[in-house]
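Participant: In order, the protein sequences belong to chains A and B. So in full-length UniProt numbering the end of the first sequence lands on 387, straight run, no missing numbers. So in full-length UniProt numbering the end of the second sequence lands on 387, straight run, no missing numbers.
There are 2 protein chains.
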Amino acid sequence: MNDFVYSCPVKVYFGAGAAQKALSREMGRYGKRVMLAYGGGSIRKNGTYDAVAALLREAGKDIVEFPGIMPNPTYRKVQEGAALARAQKIDFILAVGGGSVIDCCKVISAQAKTDRDIWQMEFEDHEYPAEFVPMGVVVTASGTGAEMNNGAVITHEEKKVKTGVLGAFASFAALDPAHMMSLPARQVVSGGFDTLSHCMETYFGSPRTANVSDEINEAVMRNVIRNLRIVAEDVHNEEARRELMWDSALAENGILKLGKVTDFQAHMIEHQLGAYTDCNHGCGLAVIHPPLYRCLYHGAVERFAHFAEAVWGVDGDGKTREETALAGIEALAAFIRDIGLPTTLAGLGVEPKEEMLRAVADSARIQPGCCRRLTPDEIYGILMACR
Amino acid sequence: MNDFVYSCPVKVYFGAGAAQKALSREMGRYGKRVMLAYGGGSIRKNGTYDAVAALLREAGKDIVEFPGIMPNPTYRKVQEGAALARAQKIDFILAVGGGSVIDCCKVISAQAKTDRDIWQMEFEDHEYPAEFVPMGVVVTASGTGAEMNNGAVITHEEKKVKTGVLGAFASFAALDPAHMMSLPARQVVSGGFDTLSHCMETYFGSPRTANVSDEINEAVMRNVIRNLRIVAEDVHNEEARRELMWDSALAENGILKLGKVTDFQAHMIEHQLGAYTDCNHGCGLAVIHPPLYRCLYHGAVERFAHFAEAVWGVDGDGKTREETALAGIEALAAFIRDIGLPTTLAGLGVEPKEEMLRAVADSARIQPGCCRRLTPDEIYGILMACR
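1. Give a yes or no on whether 8 Å exceeds the smallest Cβ distance from Lys160 (chain B) to chain A.
2. Contact between the stretch 363-381 of chain A and the stretch 255-269 of chain A: three or more CB pairs below 8 Å?
3. For residue 391 (chain A) and Val12 (chain A), what's the separation of their Cα atoms in angstroms?
4. Among the residues of its own chain, which have a CB less than 7 Å from the CB of Gln187 (chain B), if the five just before and after it don't count?
5. Helix, strand or coil for Arg365 (chain B) per DSSP?
6. For the stretch 288-295 of chain B against the stretch 50-60 of chain B, are there 3 or more C-beta pairs whose distance is under 8 Å?
7. Should Glu215 (chain A) be flagged as near chain B, meaning a C-beta pair shorter than 8 Å?
8. For a contact defined as C-beta to C-beta under 7 Å, what are the partners of Tyr13 (chain B) on chain A?
9. What alpha helix (DSSP H) runs, 4 residues minimum, are completely inside the stretch 201-277 of chain A?
10. In chain order, what residues of the stretch 215-238 of chain B put their CB closer than 9 Å to some CB of chain A?
11. In the structure shown, what three-state DSSP assignment does Ala286 (chain B) receive?
12. Could you compute how far the alpha carbon of Leu183 (chain B) sits from the alpha carbon of Val231 (chain B)?
13. Does the distance from the CB of residue 388 (chain A) to the CB of Val34 (chain A) come in under 8 Å?
14. For Thr320 (chain A) and Ala327 (chain A), I'd like the C-alpha separation in whole angstroms.
15. For Tyr203 (chain A), is the classification buried or exposed, using 16 other Cβ atoms within 10 angstroms of its Cβ as the cut-off for buried?
16. Check each residue of the stretch 92-108 of chain B: if its Cβ is closer than 8 Å to any Cβ of chain A, include it; give the result in chain order.
17. Would Gly28 (chain A) and Gly143 (chain A) be called neighbours here (beta carbons separated by less than 8 Å)?
18. Between the stretch 340-358 of chain A and the stretch 242-252 of chain A, are three or more C-beta pairs nearer than 8 Å?
19. Can you tell me whether Leu332 (chain B) is helix, strand or coil according to DSSP?
20. Are any of the Cβ atoms in chain A nearer than 8 Å to that of Glu243 (chain B)?
21. Applying a beta-carbon distance threshold of less than 9 Å, which residues of chain B neighbour Ala385 (chain A)?
22. Checking 8 Å against the spacing of the C-beta atoms, do Ala85 (chain A) and Glu218 (chain A) come in under that value?
23. Run through chain A and tell me which residues come within less than 8 Å of Asp247 (chain B), C-beta to C-beta.
24. For Asn280 (chain B), go through chain A and note every residue whose CB falls closer than 9 Å to its CB, in chain order.
25. Helix, strand or coil: which one does DSSP assign to Val133 (chain A)?
26. Show which residues of chain A have a CB atom less than 8 Å away from the CB atom of Asn2 (chain B).
27. Going by other Cβ atoms of all chains shown within 10 Å of its Cβ, with 16 needed for buried, is Tyr380 (chain A) buried or exposed?
28. Give me whichever residues DSSP pairs with Thr155 (chain B) in a beta bridge.
29. Let me know if Lys32 (chain B) comes out buried or exposed under the rule of 16 or more other beta-carbons within 10 Å of its beta-carbon.
30. Are the stretch 108-122 of chain B and the stretch 209-218 of chain B touching, with three or more C-beta to C-beta distances below 8 Å?
31. What's the C-alpha gap between Lys160 (chain A) and Ala359 (chain A)?
32. Which stretch, first to last residue, makes up the alpha helix (DSSP H) that contains Gly381 (chain B)?
33. Can you give me the C-alpha to C-alpha distance between Met200 (chain A) and Glu233 (chain B), rounded to a whole angstrom?
34. Does chain B have any CB closer than 8 Å to the CB of Leu250 (chain A)?
35. Within its chain, find whatever has a CB closer than 7 Å to the CB of Asp214 (chain A); leave out the 5 residues flanking it on each side and keep chain order.
36. Specify, as a first and last residue, the run of the beta strand (DSSP E) that Cys8 (chain A) falls within.
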């Protein structure tokens, strides 16, 4: 166990009536003016909007609407929200949505409290916001785990960069599986794969000697895989949906990352693919992971072999460690096919132009802690292998 | 996954220099007058006292000493601490010790803020304290996980009851394995067994259908068992000590309990045995667990069989589920012998008088959520089987 400092200040309400419980217990602490932020309007169709708005009115709040947060939320949208929050003297931001809505609000929460440009502040001056408009979350799509941390993935269109920005922690998060039951099957499965990716990208970081964070991670990965197989067959299976909703939060509440430096190269590559193509995040990760791991495993054969045995049930008897490692990667690839996620860029709806893939490879921001830090040429090779 | 509400407000500093980091970063938020609470004085011998006192003085604090908190801390000691905190207008309580010191301080923190008697308030009026003197923790002995929650185990001598009382959460906890390296081997091992017991008593609560909390729990149990075997052979193994220190916190930070109602009958029986005999907590649990489980498993054969396979590596092939379940309990019993913990009341240093055991059985406070709720006669039978 390496050294760490840990706190997760988000209070979680999980299960039936979570939004009702959370809003009635928590909203009394905050002022009257609430920004209600959401996405493309599906919550207006499935009843979640009406339920949440009624709870806010019951709590005596004035609602200021901020709709239209897009998948892959943009920096422009952050600025629009921050301007609205300032103009309307917003006391509290309630994000009702999935990772895109939540992430956008985390950065609005910070940007509304400072005259400095948050992007310049974080990426050029390397300073981080310290003041935030308080916020809460009602989760309507899971997988990103955005409700549990203060990282936000934002796309800066002019700069053609999609990357992590630090914003606010939510004070509370309501996770009611009922709010997610109208999601399309593809989104449920791709969200679950995003969770699995968070687990794997933590697991293949360093150190890779035995430690309880990784052993817990193996348990969460097995749970995600089992329940993803169930929802791929029957998207209405409520128990599997509940497990996946909590798995998503667990993968990003920090518990799996304690004492670890994470890898997250698949995410960094996918983020840039998303910046260039606006592809679905979980599906993009599904395409990238197997070719990435076929390239990475040489740097960590024993860890990949252990992953194969502990997570995929590969029998290592009579195999070299390298063969076992590769069998694990092929089990992951077969799983992606089994649950119906895309396995190529074409399947992802992306035209695999070499120039664009080169630009993605050259702009991917690879972080420290990697299993083996890939060069832009290697990333380009991986993307070409995804065609 | 059943419904739950979860937050753990304790900020953890884990690893080398944790106390230095925690005190220098956190103490600025609190007033000048700090109660420095500890136990029998071992921290004065091993240098921890001097280091912590110097850090408090550096932070500009006045130190008010509160030494002499005993193992199995008493309600009288709580009242003594609360009176001192009031008289000295204490702004912050720093508990430096293991579970006994931490638990005593949690209740002092509550009692110092009210004129009502906390015992009467919680157990007769069923009301819980809402105001606390803020507190922090420097852990010097682990196993109880007391640093992560707001439950405190206190012995009321006149009432002959040792039980859980709700008190304060620490704002921060410093977990530096270096502060524990001078602990006697027996205390390291019995503390680790307390952690394993917390895991098992959560695992055998309800529900017992597959869920991610229990799968994580299995991972933590395997980690505790592996590392306890290491420290039983070599108490100075630093990596194993580090893992056990974080396992202890994990077992009680709530993550394993999400969506579960816990069992905790072994703890409830041991608490009363402790109230009557002042025995070591972890050792008492070691004596009680196998006979308790031999009596309990009929109510949850499949869960005990799964425990045998997933945690102890029992091969269920060619065995009935009952045989597999029993093989797991015998593996637990063998493990207790292997790591040198007592297996009988005599080994625990307790004279097994029938009248005393009857009183223990009759006064054990069995809670809801049990695997199978034992009657006082059954508990008496279990205690007689411990002779």
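Glycine included, every Cβ here is placed at the ideal spot set by N, Cα and C.
Facilitator: Taking the structure as given:
1. Not flagged as an interface residue toward chain A: Lys160 (chain B), since no C-beta distance is shorter than 8 Å.
2. yes
3. This structure leaves residue 391 (chain A) out entirely; chain A is present only between 1 and 387.
4. Ala141
5. coil
6. no
7. yes
8. Val5
9. 212-233, 238-252, 265-277
10. Glu215, Ile216, Asn217, Glu218, Ala219, Val220, Arg222, Asn223, Val224, Arg226, Asn227
11. helix
12. Here the C-alpha atom of Leu183 (chain B) lies approximately 12 Å from the C-alpha atom of Val231 (chain B).
13. In the structure as shown, chain A starts at 1 and stops at 387, and residue 388 (chain A) therefore has no counterpart that could be examined.
14. 11 Å
15. That one is buried.
16. none
17. no
18. Contact fails: fewer than three Cβ-Cβ distances are below 8 Å.
19. When DSSP states are grouped into helix, strand and coil, Leu332 (chain B) belongs to the helix group.
20. True, the Cβ-Cβ gap to chain A drops below 8 Å.
21. Listed by position along chain B, the residues whose Cβ is nearer than 9 Å to that of Ala385 (chain A) form an empty set, because the closest Cβ is around 33 Å away.
22. no
23. Val212
24. Result: empty, since nearest Cβ-Cβ is about 25 Å, beyond 9 Å.
25. Coil, per DSSP.
26. Gly15
27. buried
28. B:Thr74, B:Lys162
29. exposed
30. No, the stretch 108-122 of chain B is not in contact with the stretch 209-218 of chain B.
31. Cα-Cα distance, rounded: 10 Å.
32. 376-385
33. If you take the alpha carbons of Met200 (chain A) and Glu233 (chain B), they lie about 33 Å apart.
34. yes
35. Tyr203
36. That run of the beta strand (DSSP E) goes 4-14.
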